[in-house]
Amino acid sequence: MNNRYVILVAWDIDELAFYLESYKENEGKEPEALLPRIPEDYKSQATAVLTSVRFINKNDVTMLTSHVGSIADIADTEEESLALLPGMGGRKVRQLRNAFHQSFLRDDVSYAPPQPPQNSASAQSQTDHSTRRSTTPDTPDESGSPTELDLPSDFEALSETEQLELALKLSRGK
Numbered sequence: 001m002n003n004r005y006v007i008l009v010a011w012d013i014d015e016l017a018f019y020l021e022s023y024k025e026n027e028g029k030e031p032e033a034l035l036p037r038i039p040e041d042y043k044s045q046a047t048a049v050l051t052s053v054r055f056i057n058k059n060d061v062t063m064l065t066s067h068v069g070s071i072a073d074i075a076d077t078e079e080e081s082l083a084l085l086p087g088m089g090g091r092k093v094r095q096l097r098n099a100f101h102q103s104f105l106r107d108d109v110s111y112a113p114p115q116p117p118q119n120s121a122s123a124q125s126q127t128d129h130s131t132r133r134s135t136t137p138d139t140p141d142e143s144g145s146p147t148e149l150d151l152p153s154d155f156e157a158l159s160e161t162e163q164l165e166l167a168l169k170l171s172r173g174k
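Residues 1 to 174 (full-length UniProt numbering) are what the sequence shown spells out, left to right.
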């Protein structure tokens, strides 16, 4: 089933903007043309994955894989042990650990999926037809009120560009 939704995952808003621009520029191209040319051997794949972590370079990857082993082993290794390896300072170890263990979701953002429609007339009268609100009462924002995500009721009818602009505005908190 294809609903024409695209999920972009990024560490920050600047990276997300870059991905969004790239997505729009390459919208009509074949997927194979967009994929990076990474050889299929393990060392090249490990290098591609680990060098995507800030401050980690190819020399670090060679040292990590020769001293620790696989990417899974590196992810499971204690920070103190990684810091003892040649060329691995505290900054590199923290970045590597964050890449393996940090959630992609920010702690201050919550999402509750839309609830199925209720058949009772009283529930219908309480529904605001102009705006759909998803709230999570367990997660208050800084003011103490529940975090809310406001989407127009006709969100699916908006053009893809309008949906993306709205998503960008919501991600910036505007």
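Glycine included, each C-beta is placed from N, C-alpha and C at the ideal position. The structure presented is a predicted model; accordingly, all values stated were derived computationally and were not measured.
- Short Cβ contact (7 Å threshold) for I74 with L64: yes
- Message: Relative to the C-alpha of Q95, which candidate in E15, T161 and T51 has its C-alpha closest?
- Response: T51
- Please go through the stretch 15-101 and give each complete alpha helix (DSSP H) segment of 4 or more residues, from N-terminal end onward. 31-34, 42-50, 58-67, 71-76, 79-83 and 90-101
- Query: Is it buried or exposed for K29, if we count other Cβ within 10 angstroms and need 16 for buried?
  - Reply: exposed
- Would you say S44 reaches chain D, if we count a Cβ-Cβ gap shorter than 7 Å as a contact? No chain D is part of this structure, which consists of one protein chain only.
- Message: Here's the rule I'm using: 16 or more other beta-carbon atoms within 10 Å means buried, otherwise exposed. How should K43 be labelled?
- Response: exposed
- Query: For I56, is the classification buried or exposed, using 16 other Cβ atoms within 10 angstroms of its Cβ as the cut-off for buried?
  - Reply: buried
- Cβ neighbour criterion (16 or more within 10 Å) applied to T77: buried
- Task: Rank K92, L166, T62 and P39 by C-alpha distance to the C-alpha of V53 and give the top, closest one.
- Result: K92
- Message: Below 8 Å on the Cβ atoms is my contact criterion, and I expect L20 with L8 to pass it. Report the Cβ-Cβ distance as a whole number of Å.
- Response: 6 Å
- Query: Looking at T47 and V61, is the spacing between their C-beta atoms short of 7 Å?
  - Reply: yes
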